[in-house]
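Structure, as structure tokens:
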Amino acid sequence: MVDAYSLGRHLVPALRRHGMECVHVQSPNPDVHLGQMPVPDGFVTNIRHEGDVAATASVLREYGVGQVISGGESGVALADQLSAELGTPGNGMSRPAARRNKYDMVLALREAGLAHAATIVSADAEDVVEWAEETAGYPVVLKPVASAGADNVMACSSPEEIRTAHAKIMGSSDRHGMRNTVVLAQEFLHGDEYFINTVSRDGRHHTVEIWRYYKVRLPGGNFVYDYDEPLSPDDPVAKSLESYTHQVLDALEIRNCAGHSEVMLTADGPVLVECAARPAGAQIPEISTRCFGTSQVELLALSMAKPDEFNRLPTTVYQMLQHTRWVSLINSRDHGVIPSHEKMAAIRALPSHAHTLMAHPEGHLLPRTIDVATLPGWVYLVSDDPEVVRADYRRLRQIESDYLYDPV
Numbered sequence: 007m008v009d010a011y012s013l014g015r016h017l018v019p020a021l022r023r024h025g026m027e028c029v030h031v032q033s034p035n036p037d038v039h040l041g042q043m044p045v046p047d048g049f050v051t052n053i054r055h056e057g058d059v060a061a062t063a064s065v066l067r068e069y070g071v072g073q074v075i076s077g078g079e080s081g082v083a084l085a086d087q088l089s090a091e092l093g094t095p096g097n098g099m100s101r102p103a104a105r106r107n108k109y110d111m112v113l114a115l116r117e118a119g120l121a122h123a124a125t126i127v128s129a130d131a132e133d134v135v136e137w138a139e140e141t142a143g144y145p146v147v148l149k150p151v152a153s154a155g156a157d158n159v160m161a162c163s164s165p166e167e168i169r170t171a172h173a174k175i176m177g178s179s180d181r182h183g184m185r186n187t188v189v190l191a192q193e194f195l196h197g198d199e200y201f202i203n204t205v206s207r208d209g210r211h212h213t214v215e216i217w218r219y220y221k222v223r224l225p226g227g228n229f230v231y232d233y234d235e236p237l238s239p240d241d242p243v244a245k246s247l248e249s250y251t252h253q254v255l256d257a258l259e260i261r262n263c264a265g266h267s268e269v270m271l272t273a274d275g276p277v278l279v280e281c282a283a284r285p286a287g288a289q290i291p292e293i294s295t296r297c298f299g300t301s302q303v304e305l306l307a308l309s310m311a312k313p314d315e316f317n318r319l320p321t322t323v324y325q326m327l328q329h330t331r332w333v334s335l336i337n338s339r340d341h342g343v344i345p346s347h348e349k350m351a352a353i354r355a356l357p358s359h360a361h362t363l364m365a366h367p368e369g370h371l372l373p374r375t376i377d378v379a380t381l382p383g384w385v386y387l388v389s390d391d392p393e394v395v396r397a398d399y400r401r402l403r404q405i406e407s408d409y410l411y412d413p414v
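Next up, the structure:
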């Protein structure tokens, strides 16, 4: 597993339950927000990749590695390279950059005849301004070409906003420490946005869950996640999203790994925002199993340990067993701190509270929330009664507004 900082703590024990052991590989450019975290426990060994794919693959052969997967976005490219070198079940390598580079991703969809967003890349802000005014119209979305986690994703409604956003992106590095040399601009997709989590084996895709995003747009153009809610697998919208997403996976040659796809349901149908060849982040498998009867972690482990059993599963694997809302904590003030265990007691006392995951230890200084990297944490609300979930969400937001992030 390459760069397991987000997923490893869950997937390693899931693999062990199937009698499998796992080696960890550290890429040279992990996520700057996650790469400082310790490697999760349970790996047989930890290998630092120094840039020589053949050398790292040789070490993996000594351990008898039979499959290579990515534990996060920063590990996608290296996992593909190592898998190709080892000859293990992997993804197609005719255009592997399309699984990381958002412009190549759009080109792959275009060649496959799939709906896609109008897109350009340029190192010159004036090119983007001209394209927006003559072709795309306003607003347009600007982002790094290899963005992840809503990193520097901004909606721009004027030439001035485009120039400001373009300069900000060009003057910074992406979440993997790589300098941005061009900026990607896309038409603004109007509609409801969803994410679809999948697991694929031998090119057969299985849908684990479908959620709708609810976002808020902040002053300056940044978007931040508010909360997510799952979509019933029987919903006609879910069927449409699933069919389109599986075609996207084929176009990107995602054949043997987990997938996390973000799709906008426009008036003309589903259109891809972006697709990642790795599991979704911030997962709590126990919550997923409680609500859906399975989890992406559980199915990913099964696909590697028992592929025949995995391939016999239905295309849509999940069920709706309970109502849930995945709430992003939001610090709306210029300053704040991660709340203490005592302060969080009010959140834990909510009738539908199921799990809280904080991004930092208590007392850690917080900036104003503007993206995924500045979210204080997440709260899962779960109940048999959807109204209880909605009421607890409103109460949670009130607690945040009143005092939650105040310094002592």
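Offset between the sequence shown (1-based) and my numbering: plus 6. From the three backbone atoms N, C-alpha and C, an ideal C-beta is built for every residue, glycine too.
Inset, instruction - Give a yes or no on whether the C-beta atoms belonging to Tyr-233 and Val-333 are separated by under 8 Å. - result: Locating residue 233 in the sequence shown gives position 227, where the first residue counts as 1. Locating residue 333 in the sequence shown gives position 327, where the first residue counts as 1. Taking 8 Å as the Cβ cut-off, Tyr-233 and Val-333 qualify as a contacting pair.
Inset, instruction - Taking Gln-302 and Asn-186 to be in contact with their CB atoms under 8 Å, please state how far apart those CB atoms are, rounded to whole angstroms. - result: Indexing the sequence shown from 1 puts residue 302 at position 296. Indexing the sequence shown from 1 puts residue 186 at position 180. So it is not a contact: roughly 30 Å between Cβ atoms.
Legend entry - Beta-carbon proximity of Asp-9 to Ser-89, cut-off 8 Å: Position 3 of the sequence shown, counted from the start, is the residue given in the question as residue 9. Position 83 of the sequence shown, counted from the start, is the residue given in the question as residue 89. For Asp-9 and Ser-89, no; Cβs fall outside 8 Å.
Legend entry - Backbone CA spacing between Ala-63 and His-55 [nearest angstrom]: Position 57 of the sequence shown holds residue 63. Position 49 of the sequence shown holds residue 55. Going from the Cα of Ala-63 to the Cα of His-55 covers about 10 Å.
Inset, instruction - Could you spell out the range, first to last residue, of the alpha helix (DSSP H) harbouring Asp-256? - result: Start at 1 with the first residue of the sequence shown, and residue 256 comes out as number 250. Where Asp-256 is concerned, the enclosing alpha helix (DSSP H) stretches over 242 to 257.
Inset, instruction - Please determine if the region 305 to 317 and the region 367 to 379 are in contact, where contact requires at least 3 C-beta pairs separated by less than 8 Å. - result: The region 305 to 317, when compared against the region 367 to 379, does not touch it at the 8 Å Cβ threshold.
Inset, instruction - Kindly indicate the opening and closing residues of the beta strand (DSSP E) around Gln-87. - result: Reading the sequence shown from its first residue, position 81 is the one you call residue 87. Element bounds for Gln-87: not the beta strand (DSSP E) but the alpha helix (DSSP H), 82 to 92.
Inset, instruction - Would you please state the rounded distance, in angstroms, between the beta carbons of Leu-190 and Ala-171? I believe it to be under 8 Å. - result: The sequence position of residue 190 within the sequence shown is 184, counting from 1. The sequence position of residue 171 within the sequence shown is 165, counting from 1. At roughly 11 Å, the Cβ-Cβ gap does not stay under 8 Å, so Leu-190 and Ala-171 are not in contact.
Inset, instruction - Could you name the residues that DSSP lists as bridge partners for Pro-95? - result: The residue you call residue 95 lines up with position 89 of the sequence shown. DSSP, once it has assigned bridges, lists no residue as partnering Pro-95.
Inset, instruction - Run through the region 279 to 356 for me and flag every whole beta strand (DSSP E) of 3 or more residues, listed as ranges in chain order. - result: 329 to 334 and 341 to 343
Inset, instruction - Please confirm if the region 234 to 241 is in contact with the region 208 to 221, defined as three or more CB-CB distances below 8 Å between the two stretches. - result: Yes, since at least three Cβ pairs between the region 234 to 241 and the region 208 to 221 fall closer than 8 Å, the two stretches touch.
Inset, instruction - Compute the beta-carbon to beta-carbon distance between Thr-388 and Ile-293, rounded to the nearest angstrom, for a pair I have assumed lies under 8 Å. - result: For the purposes of this step, residue 388 is identified with residue 382 of the sequence shown, where counting begins at 1. For the purposes of this step, residue 293 is identified with residue 287 of the sequence shown, where counting begins at 1. According to the sequence as given, residue 388 is Val; it is not Thr. Right, the Cβ-Cβ distance comes to about 7 Å (below 8 Å), so this counts as a contact.
Legend entry - Proximity to Asp-256 [Cα-Cα], best of Leu-115, Ala-123 and Met-7: As a position in the sequence shown, residue 256 is number 250, starting the count at 1. Closest by alpha carbon: Leu-115.
Legend entry - Pairwise C-alpha distance: Phe-194 and Arg-396: For the purposes of this step, residue 396 is identified with residue 390 of the sequence shown, where counting begins at 1. For the purposes of this step, residue 194 is identified with residue 188 of the sequence shown, where counting begins at 1. When the Cα atoms are used, Arg-396 and Phe-194 turn out to be separated by approximately 29 Å.
Legend entry - Candidates Thr-272, Val-188, Ala-283 and Gln-328: closest to Gly-299 by CA position: In the sequence shown, the residue the question calls residue 299 occupies position 293. Answer by Cα proximity: Gln-328.
Inset, instruction - Within 10 angstroms of the Cβ of Ala-20, are there 16 or more other Cβ atoms? Answer buried if so, exposed if not. - result: Here residue 20 is taken as the residue at index 14 of the sequence shown, counted from 1. Under this definition Ala-20 is a buried residue.
Inset, instruction - Alpha carbon to alpha carbon, how far is Arg-210 from Thr-322? Give it in angstroms, no decimals. - result: By one-based count along the sequence shown, residue 322 stands at place 316. By one-based count along the sequence shown, residue 210 stands at place 204. If I take the Cα positions, the gap works out to 12 Å.
Inset, instruction - Return the chain-ordered list of same chain residues with a C-beta closer than 6 Å to the C-beta of Cys-263, the five sequence neighbours on each side being excluded. - result: One-based indexing of the sequence shown puts residue 263 at position 257. Answer for Cys-263: Ile-75 and Ala-283, listed in chain order.
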